[in-house]
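Undergrad: The structure that follows is given in the form of structure tokens.
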Amino acid sequence: MAPRLQLEKAAWRWAETVRPEEVSQEHIETAYRIWLEPCIRGVCRRNCKGNPNCLVGIGEHIWLGEIDENSFHNIDDPNCERRKKNSFVGLTNLGATCYVNTFLQVWFLNLELRQALYLCPSTCSDYVLGDGIQEEKDYEPQTICEHLQYLFALLQNSNRRYIDPSGFVKALGLDTGQQQDAQEFSKLFMSLLEDTLSKQKNPDVRNIVQQQFCGEYAYVTVCNQCGRESKLLSKFYELELNIQGHKQLTDCISEFLKEEKLEGDNRYFCENCQSKQNATRKIRLLSLPCTLNLQLMRFVFDRQTGHKKKLNTYIGFSEILDMEPYVEHKGGSYVYELSAVLIHRGVSAYSGHYIAHVKDPQSGEWYKFNDEDIEKMEGKKLQLGIEEDLAEPSKSQTRKPKCGKGTHCSRNAYMLVYRLQTQEKPNTTVQVPAFLQELVDRDNSKFEEWCIEMAEMRKQSVDKGKAKHEEVKELYQRLPAGAVKALCKECVVERCRVLRLKNQLNEDYKTVNNLLKAAVKGNDGFWVGKSSLRSWRQLALEQLDEQDGDAEQSNGKMNGSTLNKDESKEERKEEEELNFNEDILCPHGELCISENERRLVSKEAWSKLQQYFPKAPEFPSYKECCSQCKILEREGEENEALHKMIANEQKTSLPNLFQDKNRPCLSNWPEDTDVLYIVSQFFVEEWRKFVRKPTRCSPVSSVGNSALLCPHGGLMFTFASMTKEDSKLIALIWPSEWQMIQKLFVVDHVIKIMRIEVEDVNPSETQYISEPKLCPECREGLLCQQQRDLREYTQATIYVHKVVDNKKVMKDSAPELNVSSSETEEDKEEAKPDGEKDPDFNQSNGGTKRQKISHQNYIAYQKQVIRRSMRHRKVRGEKALLVSANQTLKELKIQIMHAFSVAPFDQNLSIDGKILSDDCATLGTLGVIPESVILLKADEPIADYAAMDDVMQVCMPEEGFKGTGLLGH
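Note that the sequence shown covers residues 166 to 1134 in the numbering used here.
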């Protein structure tokens, strides 16, 4: 049987030798032998969905061959869940509890701790009746010690590959979906365990935590003046070592014990001198525990982002650690041997995965504990290479330092556990108590029953699958596979054309490119769109692939597979795009008038292109452009000329209004007139746009003063508001300009303000009245709506000034966060409240009864017609932030931290002289409204870690182990 590749080559050669117009009956039979006969013989490797004679199309090559038994079921081999010989038991990851699993394995392999926990009395005695355990009742540990007992017993003698620690995790109240700080978990659990065991009578149980993990050091302060030495003793269960700037573990320990100078403002009050004196302070190690836990502080607070970050720097450490140089009392046994390395895989402090490399104290072999999976290291050696190759922090990676024999380097290790070296061999006889062993045996029995049940289900699925296999094989023997020796001539012709064109496309592409370089002579050329010329090769290939697919589908139809005509039409309609040369069609279906979008090609080039696009629009060089488009173009040119003439006339008639010069002002009323007219500022701005660019903008034909009036026809502004915030909405017009405006534009409503002298009073008063008069009802509604908008905004811009020495400055190096663009600011239409009444602005309701309008209609109307620009011009040292009214001050401080690189606890915020201090209050309740300016005064940064912990509480939404059993004691 010829492979598919040879068949395809034969099809290409045959299609190249036969032109579409030369196809005969002999050629059709040849096509049958190449395209259909392989399907019948089983040589075809394509899924011919429409050909019932193709055995491949109905899975013949699968069903008639040998089938793997595993394909008949989806049940894994239950023996894969069985514990391997001489291996440890894993722990199930309940979601994000890998940090718990690592510590459980480390504590389990501490034989002294395990033995002490086995000796702890248990309530399990109430669970046992007679010689055994109640069969109908599951054991439920009641205390943390009982949970650890049961877990350690299962880890020691279970037949399962891994066990479920959900009971232990649930007892602690941990959230299984949230990854917590592993180092904090270790501290809190040790504290909880120590507190729980302190109530035991057996001293070996009561003191096990102190004996294994507790050491002692002293804070020693020495006065430089009198030499007095004061000590503050403190116990420790782990040493927290700073790794920043260090490459070796010994350097981290040396820095931990380094002497600190207390000078200046940090001087020490000496009780002997009775005054503040310069002093030195350092830590002295007094005693070390049997198990020395060294916490590498990889997770630190980043002041730039306000979040924790991980330090992915390499730290070298040795398998043997001599602590004698670091302790105060020399001469003891202080040589430690590495027993565990806890790893955090990942570059972020908020994600990643925890695993543990732990040394078996009995065999001396190293194991990698990765939740359910346990891997034994080769040659009794610790191997960290694979872990260090994962999750590179960036492209510019730090090369791993070379490590000598007995030393290791890691950028993911966050805790090292060392065990004190002793001449005695470790106790290898840690026996599981009888009551715990009964529980383990019962669990093992359940596991064996499950394995038998799964094996039986697996066997039944395989038997059913084999029976079906034989049934299908017998069915294939009955299938007739008759030959189809007649093909559609039209389909063969089309298939030949498509195959020939696909084969010669590359050559034609080069030929067309060469023809396009030559100049077109006479009127023999054709117009082709420039866009079509750039992409014609891709268009041709897509079209040929589509036609080839259609040919196969038509073959399927002939053999019984039919498609709904309506469905096929809809599919084609959805896939319709701009075809070749349609980019120079005008909206009327004729040649477009823009010559920049098309070019002239030779007759030879057009002939080549037409082979691939026979239905493309054809435009000879002598073809005239669309007459309708020419008429529209001429009309457009005439309109542009007319617009220029109108703009020039209006600009000449209203020069000062256009240039915004010599404008009247209400707050400083001009002496030479008693009347000023009002138009909307929107009208003036639109008119200026038209005058500046008359060919791009439409002429302004009417003034549109109705936008300044309420539905009753009354004015919406007071005299006082028009001199202040509402002045942005109106434009004042001189009487002479008003006469010209009435000639040039259609005026719907005349609005004017008049100044009158009241002579009845002494001295005489000047009052201002308007026509039309103020509508108090609508004015009050507008103010209420404005106040509501200020309190309930969902997205508004405010500005923050950073102040240093009472001067506003710009911190150019800080990136801006959520800075609104000028367009966003221009489009903002929030309104400011006014609330001021001018008694001199004498207006009344009038005697007519006004029509009542609904509140909803009124609000919609006001939002439509009262458009107020709230744009605030930023100045140097100011940054814009997008906020909402229900956003808390704490969340705003986070934004400010990103914008100015100032940590939240260093921020002192104020607005209009009022200090903003309540982090839980919303911006709306604090009086922060759109376009507000908040002053930021930053305190000097402080560098102690205690302050950083406070920052974590302010800016991070973490709650840590709050609410869990770890803090309950």
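Using N, Cα and C, we set each Cβ at its ideal position, and we do this for glycine too.
1. Over what stretch of residues does the alpha helix (DSSP H) that includes residue 919 continue unbroken?
2. Residue 487 bridges to which residues according to DSSP?
3. Let me know if residue 887 comes out buried or exposed under the rule of 16 or more other beta-carbons within 10 Å of its beta-carbon.
4. Let me know if residue 923 comes out buried or exposed under the rule of 16 or more other beta-carbons within 10 Å of its beta-carbon.
5. CB residue 319 to CB residue 605, shorter than 7 Å?
6. Across which residues does DSSP place residue 460 in a beta bridge pair?
7. With a cut-off of 7 Å, does the C-beta of residue 449 fall near any C-beta of chain B?
8. Residue 284 to residue 568, Cα distance in whole Å?
9. Give the secondary structure of residue 614 by DSSP, where H, G and I count as helix, E and B as strand, and everything else as coil.
10. Expressed to the nearest angstrom, what Euclidean distance is found between the alpha-carbon atoms of residue 240 and residue 263?
11. Sorted by chain position, which residues of the same chain lie with C-beta nearer than 7 Å to residue 1094's C-beta, five sequence neighbours on each side aside?
12. Does DSSP put residue 931 in a helix, a strand or coil?
13. How long is the line joining the alpha carbons of residue 427 and residue 323, rounded to whole angstroms?
14. Whole angstroms is fine: what's the gap from residue 942's alpha carbon to residue 1071's?
15. Start and end of the beta strand (DSSP E) containing residue 265?
16. Would you decide whether residue 325 is buried or exposed? Buried here means 16 or more other CB atoms lie within 10 Å of its CB.
17. Quick one: give me the first and last residue of the beta strand (DSSP E) that residue 763 is part of.
18. Please list the terminal residues of the continuous alpha helix (DSSP H) segment that includes residue 586.
19. If you measure between the beta carbons of residue 509 and residue 579, is that distance less than 7 Å?
20. What are the partner residues of residue 531, as DSSP defines its beta bridges?
21. Go to residue 1063, then tell me how far its alpha helix (DSSP H) extends in each direction, as first and last residue.
22. Quick check on DSSP: helix, strand or coil for residue 247?
23. Can you tell me which of 272, 837, 342 puts its alpha carbon nearest to the alpha carbon of residue 1167?
24. Tell me the rounded alpha-carbon separation between residue 687 and residue 862.
25. So, helix, strand or coil for residue 785, using DSSP?
26. Checking the sheet assignment: what are the DSSP bridge partners for residue 574?
27. Should residue 399 and residue 386 be called a contact, given that it needs their Cβ atoms to be closer than 7 Å?
28. I'd like to know whether the C-beta atoms of residue 393 and residue 437 end up nearer to each other than 7 Å.
29. For residue 380, count neighbouring C-beta atoms within 10 Å of its own C-beta (all shown protein chains included) and say buried if the count is 16 or more, exposed if not.
30. Which residue spans inside the stretch 823-892 form an unbroken beta strand (DSSP E) run of at least 3?
31. Measuring CA to CA, which of 1092, 270, 898, 357 is closest to residue 1050?
32. Specify, as a first and last residue, the run of the beta strand (DSSP E) that residue 445 falls within.
33. Assuming contact is defined by CB atoms lying nearer than 7 Å, are residue 935 and residue 880 in contact in what I supplied?
34. If you check the beta carbons only, do residue 897 and residue 829 fall under 7 Å apart?
35. Whether or not the stretch 773-791 and the stretch 687-696 are in contact is what I'm after, with contact meaning three or more pairs of Cβ atoms, one per stretch, closer than 8 Å; do they touch?
36. What first and last residue would you give for the alpha helix (DSSP H) that runs through residue 417?
TA: The structure says:
1. Premise fails: residue 919 lies in the beta strand (DSSP E), 917-923, not in any alpha helix (DSSP H).
2. Answer by DSSP bridge pairing, in chain order: 500.
3. By the 10 Å Cβ count, residue 887 comes out buried.
4. Counting Cβ neighbours within 10 Å, residue 923 comes out exposed, since fewer than 16 surround it.
5. Contact: yes.
6. Partner(s): 405, 580.
7. Considering every chain present, this structure includes no chain B. It has just one protein chain.
8. Distance from the CA atom of residue 284 to the CA atom of residue 568, rounded to whole angstroms, is 43 Å.
9. Note: residue 614 maps to helix in three-state DSSP.
10. C-alpha of residue 240 to C-alpha of residue 263: approximately 27 Å in a straight line.
11. Cβ within range, chain order: 955.
12. Reduced to three states, the DSSP call for residue 931 is strand.
13. In this structure, the CA atom of residue 427 is about 57 Å from the CA atom of residue 323.
14. Straight-line spacing of the CA atoms in residue 942 and residue 1071 works out to 48 Å.
15. Careful: residue 265 lies outside any beta strand (DSSP E), inside the alpha helix (DSSP H) at 263-273.
16. By the C-beta density criterion, residue 325 is buried, having at least 16 other C-beta atoms within 10 angstroms.
17. Here the beta strand (DSSP E) through residue 763 covers 763-766.
18. Counting along the chain, residue 586 falls outside any alpha helix (DSSP H), and DSSP gives it neither H nor E.
19. Taking a C-beta distance under 7 Å as the contact criterion, residue 509 and residue 579 qualify as a contact pair.
20. Answer by DSSP bridge pairing, in chain order: 524.
21. Run containing residue 1063: 1054-1065, per the alpha helix (DSSP H) assignment.
22. Residue state, collapsed to three classes: strand.
23. The question about residue 1167 has no answer here: the residues shown for the chain are numbered 166 through 1134.
24. Taking the straight line joining both Cα atoms gives about 43 Å.
25. DSSP, reduced to helix, strand and coil, places residue 785 within a strand of the structure shown.
26. Answer is 481.
27. If you check the CB distance, residue 399 and residue 386 do not come in under 7 Å.
28. Yes, the pair counts as a contact, with Cβ atoms nearer than the cut-off.
29. A buried status is given to residue 380, since no fewer than 16 other beta-carbon atoms sit within 10 Å of its beta-carbon.
30. Listed in chain order, they are 840-845.
31. It is 1092 whose Cα lies nearest to the Cα of residue 1050.
32. 444-452 is the extent of the beta strand (DSSP E) around residue 445.
33. Contact annotation: residue 935 and residue 880 have beta-carbon atoms nearer than 7 Å.
34. Taking 7 Å as the cut-off, the Cβ atoms of residue 897 and residue 829 count as close.
35. They touch, by the three-pair rule.
36. Residues 414-421.
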